[in-house]
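Numbering (the working numbering), first residue to last: -9 to 247.
Even glycine gets a Cβ: it sits at the ideal position worked out from N, Cα and C.
None of the values given here were measured: they were computed from a predicted structure.
What follows is one structure encoded as structure tokens, with my remarks underneath.
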């Protein structure tokens, strides 16, 4: 087993589970107006939570219908930092017109704010970078993930009937929600909608920021109920009536043969 030619087998990737579209839209509609755009970006573009919190108006290309995912906001040891997206890779994501309309309405109602955060991992001499934030707190600060989950996300889940209401006398931080109902479920729902609509796995992998389509298939192949049907239809056409017509045209007994 110590031979270089022998490798440990990799554990299979756990299948991701999505919400129904009705559940996702219900959460979008009951969350606070300021934070509605977070659900829209997670569901409509597949952005991760930290990427939503780090999105800037300068990252939005309305003319081309694209979002440039260039940074994320993350909390480490109680402090907020800005950094490159997961895997240290920026990417460009398709932006549906419905998302663009929501972004326009959000910016009109909640103007972007300037933020200055340390860049990268914690350290003694971390450079600070200033950028405009699309989504911020009502006090004009960058959004902290844990605080947002406790005071914004879970109340919305309870209103939508996804989780139980906060028990009487319980503290907010004691409010339980299953890991499957975290913000990341919106990304899974986005992937499920794209694949069920027949979107290319290669294209979806690029939009999600996966290292390869293999990763995307490992997580989301079960969202492709029609996989194989398109190829089957083509072959049926070639080997069925179309195939018979081709054979008759090329038969030695046919006028064209």
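Which of helix, strand or coil DSSP assigns to residue 147: Taking the chain shown and counting its residues from 1, the one referred to as residue 147 is at position 157. Residue state, collapsed to three classes: helix.
Kindly list the residues whose CB is nearer than 6 Å to the CB of residue 99, restricted to its own chain and excluding five residues on each side of it in sequence; keep chain order. Here residue 99 corresponds to residue number 109 of the chain shown, with the count starting at 1. Same-chain partners within the cutoff: there are none.
Where the alpha helix (DSSP H) through residue 84 begins and ends: Within the chain shown, the letter at position 94 stands for residue 84. Not the alpha helix (DSSP H): residue 84 falls in the beta strand (DSSP E), residues 81 to 84.
Find out if the Cβ-Cβ distance for the pair residue 146, residue 17 is shorter than 7 Å. Here residue 146 refers to the residue found at position 156 of the chain shown. Here residue 17 refers to the residue found at position 27 of the chain shown. Contact flag set, yes.
By how many angstroms is the C-alpha of residue 148 removed from the C-alpha of residue 60? For the purposes of this step, residue 60 is identified with residue 70 of the chain shown, where counting begins at 1. For the purposes of this step, residue 148 is identified with residue 158 of the chain shown, where counting begins at 1. If you take the alpha carbons of residue 60 and residue 148, they lie about 32 Å apart.
In terms of residue numbering, what span does the alpha helix (DSSP H) encompassing residue 135 cover? In the chain shown, counting from the first residue as 1, residue 135 sits at position 145. Under the DSSP assignment, residue 135 falls in the alpha helix (DSSP H) whose first and last residues are 135 to 138.
Outcome for residue 236 when other beta-carbon atoms lying within 10 angstroms are tallied against a minimum of 16: Translated into positions along the chain shown, residue 236 becomes position 246. Annotation note: pLDDT 48 at residue 236 (below 50); position unreliable, coordinate value reported separately. The residue in question, residue 236, is exposed, as its Cβ has fewer than 16 Cβ neighbours within 10 Å.
Count the other CB atoms, across all protein chains shown, that sit within 10 Å of the CB of residue 52; report buried if there are 16 or more and exposed otherwise. Here the question's residue 52 lines up with position 62 in the chain shown. So residue 52 ends up on the exposed side.
So the candidates are 27, 106, 157, 211; which of them puts its Cα closest to the Cα of residue 181? On the chain shown, residue 181 is found 191 positions in, with the first residue counted as 1. For residue 181, the closest C-alpha among the options 27, 106, 157, 211 is that of 211.
For residue 133, does the count of other Cβ atoms within 10 angstroms reach 16, so buried, or fall short, so exposed? Position 143 of the chain shown holds residue 133. Under this definition residue 133 is a buried residue.
Quick one: which unbroken beta strand (DSSP E) runs of 3-plus residues sit fully inside the stretch 41 to 105? Chain order, please. Those beta strand (DSSP E) runs which fall completely within the stretch 41 to 105 and span 3+ residues are 56 to 59, 62 to 66, 69 to 73, 81 to 84.
With H, G and I counted as helix, E and B as strand and the rest as coil, what does DSSP make of residue 121? Against the chain shown, residue 121 aligns to sequence position 131. When DSSP states are grouped into helix, strand and coil, residue 121 belongs to the strand group.
Residue burial classification, residue 195 (beta-carbon count within 10 angstroms, cutoff 16): Walking along the chain shown from the start, residue 195 turns up at place 205. The residue is buried, with at least 16 neighbouring Cβ atoms inside 10 Å.
Host alpha helix (DSSP H) of residue 176 (start-end): Translated into positions along the chain shown, residue 176 becomes position 186. Counted as a single uninterrupted DSSP element, the alpha helix (DSSP H) harbouring residue 176 occupies residues 174 to 186.
Would you kindly check if the distance between the Cβ of residue 206 and the Cβ of residue 183 is under 7 Å? Translated into the one-based positions of the chain shown, residue 183 becomes position 193. Translated into the one-based positions of the chain shown, residue 206 becomes position 216. No, these two residues do not count as a Cβ contact at 7 Å.
Of the choices 44, 69, 94, 25, whose alpha-carbon is the least far from that of residue 128? Here residue 128 is taken as the residue at index 138 of the chain shown, counted from 1. Comparing Cα positions, the closest option is 25.
Indicate whether residue 143 and residue 156 have their beta-carbon atoms separated by less than 7 Å. Numbered from its first residue, the chain shown carries residue 143 at position 153. Numbered from its first residue, the chain shown carries residue 156 at position 166. Contact flag unset, no.
Just to confirm before moving on: does the CB-CB distance between residue 119 and residue 72 stay below 7 Å? Along the chain shown, one-based indexing puts residue 119 at 129. Along the chain shown, one-based indexing puts residue 72 at 82. Yes.
Which residue or residues does DSSP assign as beta-bridge partners of residue 108? Here residue 108 corresponds to residue number 118 of the chain shown, with the count starting at 1. Note: residue 108 sits in a beta bridge opposite 118.
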